[in-house]
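*Asks:*
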Amino acid sequence: MRKCRPVLLKGTFALTDLVLQAKMITKSFSGQEILKGLSLDVERGDLISIIGPSGCGKSTFLRCLNFLEHPDSGEVRIETVSLACDGSRWTRQDEVRAHQLRSHVGMVFQSFNLFPHRTVLENVMMAPLHVKKIAPDQAEATAMELLEKVGLKNVVDRYPDRLSGGQKQRAAIARALAMKPSVMLYDEPTSALDPELSEEVLSVMRALDQEGMTQLVVTHDMRFARAASDRVLYLEGGEIVESGSPDQIFAHPQEARTRRFLRTLLS
Ligand SMILES: Nc1ncnc2c1ncn2[C@@H]1O[C@H](COP(=O)(O)OP(=O)(O)OP(=O)(O)O)[C@@H](O)[C@H]1O
Ligand SMILES: [Mg+2]
215 MRKCRPVLLK GTFALTDLVL QAKMITKSFS GQEILKGLSL DVERGDLISI IGPSGCGKST
275 FLRCLNFLEH PDSGEVRIET VSLACDGSRW TRQDEVRAHQ LRSHVGMVFQ SFNLFPHRTV
335 LENVMMAPLH VKKIAPDQAE ATAMELLEKV GLKNVVDRYP DRLSGGQKQR AAIARALAMK
395 PSVMLYDEPT SALDPELSEE VLSVMRALDQ EGMTQLVVTH DMRFARAASD RVLYLEGGEI
455 VESGSPDQIF AHPQEARTRR FLRTLLS
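For the sequence shown, my numbering gives the first residue as 215, with consecutive numbering after it.
1) So is the beta-carbon of residue 270 under 6 Å away from any non-hydrogen atom of ligand 1?
2) Whether or not the region 258-270 and the region 434-448 are in contact is what I'm after, with contact meaning three or more pairs of Cβ atoms, one per stretch, closer than 8 Å; do they touch?
3) Along the beta strand (DSSP E) that carries residue 398, what are the first and last residues, could you check?
4) With three or more beta-carbon pairs closer than 8 Å as the criterion, would you say the region 286-304 touches the region 377-390?
5) Suppose the cutoff is 6 Å on Cβ atoms and the five residues either side in sequence are ignored; what does the same chain contact list for residue 460 look like?
6) With the cut-off set at 7 Å, would you say residue 259 and residue 428 are in Cβ contact?
7) Quick check: the Cα distance between residue 410 and residue 419, rounded to an integer number of angstroms?
8) Would you mind reading off the limits of the alpha helix (DSSP H) that contains residue 419?
9) How would you label residue 362, buried or exposed, when you count the other beta carbons within 10 angstroms and need 16 or more for buried?
10) Compute every distance between the C-beta of residue 273 and the non-hydrogen atoms of ligand 1, then say whether any falls below 6 Å.
11) With distances taken Cα to Cα, identify the nearest neighbour of residue 291 among 274, 328, 237.
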């Protein structure tokens, strides 16, 4: 089902509402080029899955989008904040800009990364309280709303080690949402989970999609990528080999490399 997608109207032109743009992102490690000039436009409300063989640069690309990794060159714009890299030294001003850019991004990792000595509720309240300086009552009310949304209302006072993997990941999603991001980035959010627990997490992501949240998901879960995405990117060798609808990528791939990857998965 398509979602409504807000569109900016300017004069007689309808401009699509791009939340995130990446232009010609490159990154090398130890002289080996891992990302070879990746560009991507993400419209508000899109759910984009990024698939590809292990080691092709999916996580590196995601991390470059919010400057957890500094690209060697290229530019990222999220909402109105843009930051370009040209290989010159990272300045204090760049760091300030990266911080502003990250304030629009929620990131969820395979390994949850919850604070172990904080309850679920405290985990979700912490950043709004300490980073955004939201009043405690308001931060708690918002956190409770989010925890209800992800189905964790009954475990808000538990510590992370008393949660299942699926519950931990849903708490991590609620924590990211508490900062009211414009875009959520997920790096293999369900890879550490059994199928049943994965489904709990994926259904939260589908619900967010229906609400219009913009989401980029690096995933090995082809069933999810095929069923839930608006667009799928196939990465290999540090390049976007093919980008298209789930039907194009999975049923009618245009590129030999995409076909080969999908065949490997089936065998
Ligand atoms: N900090 C780093 N230092 C050196 N090499 C790195 C670093 N991070 C990633 N790499 C290398 O870059 C390449 C791409 O890694 P990346 O983690 O982006 O792949 P991936 O597509 O996410 O793989 P996977 O599906 O296994 O998670 C790999 O060869 C990896 O070893
Ligand atoms: Mg990875």
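The beta carbon of each residue, even a glycine, is placed where N, CA and C say it ideally should be.
*Replies:* This is what the structure gives:
1) yes
2) yes
3) 397-401
4) no
5) 440, 443, 446
6) Yes, the pair counts as a contact, with Cβ atoms nearer than the cut-off.
7) Straight-line measurement puts the Cα of residue 419 at about 15 Å from the Cα of residue 410.
8) 409-424
9) exposed
10) yes
11) 237
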